[in-house]
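Below: one structure, written as structure tokens.
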Amino acid sequence: MQLEQELERFLGFRDFRVGQREVVAHVLDGKDCFAMLPTGTGKTVCYQLSGYLLDGTVLIVSPLLSLMQDQVERMRANGEKRVVALNSFLSLQEKQRALEDLSAYKFIFVSPEMLANRQIRMAIRRLTIGLFVVDEAHCISQWGHDFRPDYLELGAVREELGSPVTLVLTATATKKVRADIKNQLRLTACMDVIHSVDRPNIALDVQKMDSRFEKQAQLLKLTGLLKGPGIVYFSSKKLAERYAFEIAEQHGLRTAFYHGDMSGEDRVTIQQQFIQNQLHLICATSAFGMGIDKGDIRYVIHFHMPGDLEAYLQEIGRAGRDGAPSIAILLYADGDEAIQLQLQDRDLPEEELVHLSPALTEQLPITERRFLEFYRELGLTPNQIKEKIQFRKRWKRENLYTFLNFIKGITCRRQFVRHYFEEEAKQEAISNCCDVCGVDHADFEGENETIEEQQDWQKYLEYLLK
DNA sequence: CGCGTTGGTCGTATGACCAACGCGGTGCTATACT
1484 MQLEQELERF LGFRDFRVGQ REVVAHVLDG KDCFAMLPTG TGKTVCYQLS
1534 GYLLDGTVLI VSPLLSLMQD QVERMRANGE KRVVALNSFL SLQEKQRALE
1584 DLSAYKFIFV SPEMLANRQI RMAIRRLTIG LFVVDEAHCI SQWGHDFRPD
1634 YLELGAVREE LGSPVTLVLT ATATKKVRAD IKNQLRLTAC MDVIHSVDRP
1684 NIALDVQKMD SRFEKQAQLL KLTGLLKGPG IVYFSSKKLA ERYAFEIAEQ
1734 HGLRTAFYHG DMSGEDRVTI QQQFIQNQLH LICATSAFGM GIDKGDIRYV
1784 IHFHMPGDLE AYLQEIGRAG RDGAPSIAIL LYADGDEAIQ LQLQDRDLPE
1834 EELVHLSPAL TEQLPITERR FLEFYRELGL TPNQIKEKIQ FRKRWKRENL
1884 YTFLNFIKGI TCRRQFVRHY FEEEAKQEAI SNCCDVCGVD HADFEGENET
1934 IEEQQDWQKY LEYLLK
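First residue of the first sequence? That's 1484 in this note's numbering, and the numbers climb one at a time after it.
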């Protein structure tokens, strides 16, 4: 068919990558499509090319401001001027102007929160939406149920816009999560384009430690041996900061930390430095990573475990996008799950709070408050809300314990992952598969590239002044 | 939950000990004011 020609004509690529062609074909056929494609497959191409080949506007729901800005800039750099991001980066005047002239844009990026705004929705309703895209759709299931409830309104918004053809994009979602997402978006008949989450070039290494001290020592040892660039994930902002300095000092590496308390400006700087190879490694919380377009990340270490296997795969999936051998190392000491258990509990309100009066609900911390208000506005009874809380708590806890089974397991890690995602078992042997099958660590060790010293004193000064 | 920090006590060492406490992650938007 001529889709290849269109691809070259509009985007300048010769060939489709895995899954892209199928997705575009479904969309052009007027079918809703759930696409689960590996990280780095260029999910953007799917909606961009579809957009050029169909009538109407492409509306893309995106979870992060930085991600939107990034996509907009990239598309503009490729010569597409009819693109805009409706978000809080726009001044009031810019926003008004954009809304008045919305039909001038072919691609509109928007956050779920913006779509909750009536004025915005009214403006969008005047358009013909040719394609409704939900990017990083696992966020619906991962965040929508607790701290970003507007994600749960997307189904209603979609219907309000006349149920346009919908494209759902993500890299990691189990069957259970895919069903949840479809349910939330009110998608009934939907074509699935599902590819494996398994990334054969990433060695899966779980290292069980006897104590925290051993874990600390191992982290310092590993960061000295491994060849970067790398990411180390923590569940604590304080520790991310501390180790960024300690590792830099001990190994003479250029490091930085990254977490949600930093200003947008600082976050952009660090991200750019990392992408442009100005840093050997980043010590980060889960705030870091989504939308990071860097091919040559060679290792991802977890000093703390994330809350479930999907989050883990998301985070390690940032390694080895270029296809070259990379390693994911998870350091685990007994009881590490305590932090995750605690965080999970904090997300959701205590069950008894469903009976709280609206006035008292306002006094609650913001996430708990919004959870309750959201379901009350939907007209749920206290008992129904209580059931939601119980269901959600159980869901999270079960996922955490399954992840623990992965960590404590004694079978091939890769087979475990494939089984968890209900994929077929892998037949062919993989070199450097996992710690159970055997990993040659020497393959991932080596001197880090030297980085020109520049403005180091500036960073140091900033640190001292804090 | 369990770790690390804080702060009180002891009673005279400028530290040592222990109990109590608090911390531990993810993002959007709106709007007022210095």
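A virtual CB, placed ideally from N, CA and C, is assigned to each residue, including glycine.
DSSP links K1691 through a beta bridge to Y1815. Shown here, L1635 sits in a helix according to DSSP, grouped into three states.
Annotated as distal: G1790 and R1682, with beta-carbon spacing of 8 Å or more. Around the Cβ of G1778, a 10 Å sphere holds fewer than 16 other Cβ atoms; the residue is exposed. Taking the CA atoms as reference points, V1567 sits about 6 Å from F1592. In the structure shown, V1510 falls within a helical segment according to DSSP collapsed to helix, strand and coil.
With contacts defined by Cβ atoms closer than 8 Å, L1863 and E1851 do not form a contacting pair. Taken atom to atom, the span from the alpha-carbon of F1590 to that of E1642 is near 19 Å.
Here the alpha carbons of F1927 and P1808 stand approximately 8 Å from one another. Under the three-state reduction of DSSP output, L1520 falls in the coil class, being neither helix nor strand. Only residues of its own chain outside the window of five on either side were considered, and among them A1723, R1750, I1753, Q1754, I1765, C1766, A1767, T1768, A1770, F1771 have a CB closer than 8 Å to the CB of Y1741, listed in chain order.
For T1653, the pairing in a beta bridge is given by DSSP as M1519. Inter-residue distance for G1713 and G1803 is about 10 Å (C-alpha atoms, whole angstroms). DSSP places M1773 outside both helix and strand once states are collapsed to three, so it counts as coil.
The bridge partners DSSP lists for A1686 are I1810. Residue environment for N1915: buried (at least 16 other C-beta atoms within 10 angstroms of its C-beta). In the assembly as shown, H1838 is an exposed residue. Its beta-carbon has fewer than 16 other beta-carbons within 10 Å. Cβ-Cβ distances below 7 Å link V1640 to L1598, R1604 in the same chain, with the five nearest sequence neighbours on each side left out; the list follows chain order. When L1670, G1562, C1673, F1786 are compared, the shortest CA-CA separation from S1694 is found for F1786.
Under the three-state reduction of DSSP output, T1768 falls in the coil class, being neither helix nor strand. For the region 1772 to 1803, the full-length beta strand (DSSP E) segments reaching 3 residues or more read 1782 to 1785 along the chain. DSSP places L1670 outside both helix and strand once states are collapsed to three, so it counts as coil.
In this chain, the beta strand (DSSP E) harbouring T1738 covers 1738 to 1741. Secondary-structure assignment with DSSP links V1566 through a beta bridge to F1590. In summary, L1861 is exposed, with fewer than 16 beta-carbon neighbours lying within 10 Å of its beta-carbon over all protein chains present.
In the three-state scheme derived from DSSP, where H, G and I count as helix and E and B as strand, E1928 is classed as strand. Here V1501 is exposed, its C-beta having fewer than 16 other C-beta atoms within 10 Å. Burial is judged here by how many other beta carbons sit within 10 angstroms of a residue's own beta carbon; T1653 has at least 16 and is buried. DSSP, reduced to helix, strand and coil, places D1498 outside both helices and strands of the structure shown, so it counts as coil. Here the C-alpha atom of P1595 lies approximately 11 Å from the C-alpha atom of L1569. Three or more Cβ pairs closer than 8 Å define a contact, and the region 1682 to 1691 falls short of that threshold against the region 1542 to 1559. For C1529, the secondary structure class from DSSP, reduced to helix, strand or coil, is helix.
D1675 carries a strand assignment under DSSP once its states are collapsed to helix, strand and coil.
Nearest neighbour of G1735 by Cα position, chosen from I1934, L1887, I1664, E1505, turns out to be I1934. In this structure, the beta-carbon distance from R1608 to L1582 does not fall below 8 Å. Between the region 1615 to 1631 and the region 1653 to 1668 there are three or more C-beta pairs closer than 8 Å, enough to call the two in contact.
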